[in-house]
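Take 320 as the starting number for the sequence shown in this note's numbering and just add one per residue.
Virtual Cβ for every residue (Gly too), placed ideally from N, Cα, C.
Owing to the predicted nature of the structure, the values given are computational and were not obtained by experimental measurement.
Just below is one structure, and these are the notes that go with it.
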Amino acid sequence: MFQQLDYSGEKTKDYELLIKQLDALSTGESNQTALLANASSLLNQFLDEVNWVGFYLTENEELVLGPFQGLPACIRIPFGKGVCGTAVSKNKTQRIADVHQFPGHIACDGASKSEIVIPISRNKEIIGVLDIDSPIYDRFDAIDQDNLEKFVAQLEKHL
320 MFQQLDYSGE
330 KTKDYELLIK
340 QLDALSTGES
350 NQTALLANAS
360 SLLNQFLDEV
370 NWVGFYLTEN
380 EELVLGPFQG
390 LPACIRIPFG
400 KGVCGTAVSK
410 NKTQRIADVH
420 QFPGHIACDG
430 ASKSEIVIPI
440 SRNKEIIGVL
450 DIDSPIYDRF
460 DAIDQDNLEK
470 FVAQLEKHL
């Protein structure tokens, strides 16, 4: 009988190292752009099978493109629109296995098939989102979500 191997422990340890790297790069730095640029670069280098990693920052009632790694992207996204805007309006991580099935999905990169978006807060106010796209369906699992939320929590300590 085939037995599926469980790599979750190894995957979690890799994420723990990534979060330590983020903390080391961020300690003592106060410039938000620099912090977000390094965070997007770290994630882009660490994550397999992703085609866009970056941040959108809140400005009035919309999200505005921030530091990222990947193809050029949509510059402004209204709250409540697409996966990113929904993450803000619900103040909840959005893990989407198939973006083409998500009502109102905003296709900045036609190759994207799955996406995870995590709200970023400062003083209990959403200041932006971490957005990660993948060219494969169902790329992000519960382990990714849990650890990427921890990554964002660590980043929030420096913002």
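Exposed unless 16 or more other CB atoms sit within 10 angstroms - verdict on R395: Exposed, by the Cβ-count rule.
Locate the alpha helix (DSSP H) running through S359, then write down its first and last residues. Q351 to F365
With a CB to CB cut of under 6 Å and the five nearest residues on each side skipped, what residues in its chain are close to D325? Confidence is the limiting factor: at D325 the pLDDT is only 49, short of 50, which leaves the residue's position unreliable, though a coordinate-based value still follows. Result list for D325: empty, nothing under 6 Å.
Could you have a look at F470 and say whether DSSP puts it in helix, strand or coil? Under the three-state reduction of DSSP, F470 is assigned to helix.
Ignore the nearest five residues each way along the sequence and tell me which others in D463's own chain have a CB closer than 6 Å to its CB. none
Spatial neighbours of F522 within its chain, please: C-beta separation below 7 Å, excluding the five flanking residues on both sides. Since the first residue of the chain shown is 320 and the last is 478, residue 522 is not available in this structure.
Go through its chain and collect everything with a Cβ distance to R458's Cβ below 6 Å, but skip five positions before and after it. Counting only Cβ-Cβ distances below 6 Å, and skipping sequence neighbours, we find E368 and S433.
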